[in-house]
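Below: one structure, written as structure tokens.
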Amino acid sequence: VQLVESGGGVVQPGKSLRLSCAGSGFSFSYHGMHWVRQAPGKGLEWVAGISTDESRKDYAESVKGRFTISRDKSTNTVYLEMRSLRGEDTGVYYCAKDLRAYQQWLADWGQGTLVTVSA
Amino acid sequence: DVQMTQSPSPLSASIGDRVTIACRPTQSIGSFLNWYQQKPGKAPKLLIYAASTLHSGVPSRFSGSGSGNDFTLTINGLEPEDFATYFCQQTYIAPFTFGPGTKVDI
Numbered sequence: 226v227q228l229v230e231s232g233g234g235v236v237q238p239g240k241s242l243r244l245s246c247a248g249s250g251f252s253f254s255y256h257g258m259h260w261v262r263q264a265p266g267k268g269l270e271w272v273a274g275i276s277t278d279e280s281r282k283d284y285a286e287s288v289k290g291r292f293t294i295s296r297d298k299s300t301n302t303v304y305l306e307m308r309s310l311r312g313e314d315t316g317v318y319y320c321a322k323d324l325r326a327y328q329q330w331l332a333d334w335g336q337g338t339l340v341t342v343s344a
Numbered sequence: 246d247v248q249m250t251q252s253p254s255p256l257s258a259s260i261g262d263r264v265t266i267a268c269r270p271t272q273s274i275g276s277f278l279n280w281y282q283q284k285p286g287k288a289p290k291l292l293i294y295a296a297s298t299l300h301s302g303v304p305s306r307f308s309g310s311g312s313g314n315d316f317t318l319t320i321n322g323l324e325p326e327d328f329a330t331y332f333c334q335q336t337y338i339a340p341f342t343f344g345p346g347t348k349v350d351i
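This is the structure we're talking about:
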């Protein structure tokens, strides 16, 4: 199993950014996918999750209405579209693979991509 | 949202110790509770899911117990590689919140 995040970087407050996570080594269509972030020196915050059939998309209250999770089974990729970014969105964003279709058992993780929101 | 608390934090221990970490949600969550281990600069690793099921490849010295409002992660015989931060996560209802973490150090 390999999960590779990309798309992080430095962005100004109020701007947008799209993160990608390419999965390989497993049957992408059979697993739910999640994004979890970690601010510098802080704990983990679950951000968003998407089920295999996309019928379930859930978000943390702190990002609801600003972030959108999606997946593309043709490219085995999960995305996190982030809009109206704020300083408190700064952190390492991890992509994680669910052990099942959507049980929130985050069994495999990527290496993370750093997002810095700063003027 | 379901808020999670963990205790103690931090936790000082020695090689060979039996270590227990508590996790308490603000509402009953059945057995919908995971435990993760994270080392500095690394992604978290799943240890336990559904409160007591050991994830594949995780050493048997790790165990989880509890239900409802009271959960425990136990490490029987602390090894040098176990010094890390441990997080619980509820999966009962979205958003699937994490606890603040318990750092286990020497």
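If you're matching them up, the sequences are chains A and B in order.
FYI, the numbering used here numbers position 96 of the first sequence as 321, with every residue one higher than the one before it.
FYI, the numbering used here numbers position 18 of the second sequence as 263, with every residue one higher than the one before it.
Glycine included, each C-beta is placed from N, C-alpha and C at the ideal position.
Check                                                                                                                                   : Outcome
Close Cβ partners of GLY250 of chain A (< 8 Å) along its chain, the five nearest in sequence each way excluded                          : VAL226, GLN227
Chain-order list of residues whose beta-carbon lies under 8 Å from that of SER254 of chain B (same chain, five-residue window excluded) : PRO345, GLY346, THR347, LYS348
is_contact[GLN227 of chain A, chain B] using C-beta, thresh 8 Å                                                                         : no
Buried versus exposed call for GLU324 of chain B [16 or more other C-beta atoms within 10 Å across all chains shown]                    : exposed
In chain order, each alpha helix (DSSP H) run of at least 4 residues that lies wholly inside the region 251 to 286 of chain A           : none
Contact with chain A by GLY346 of chain B, beta-carbon distance below 8 Å                                                               : yes
Local Cβ density within 10 Å of GLN248 of chain B, reported as buried at 16 or more and exposed below that                              : exposed
Contacts of PRO289 of chain B in chain A (Cβ-Cβ under 7 Å)                                                                              : LEU269, TRP334
Within chain A, the residues that ASN279 of chain B reaches when beta carbons sit closer than 8 Å                                       : GLN329, TRP330, LEU331
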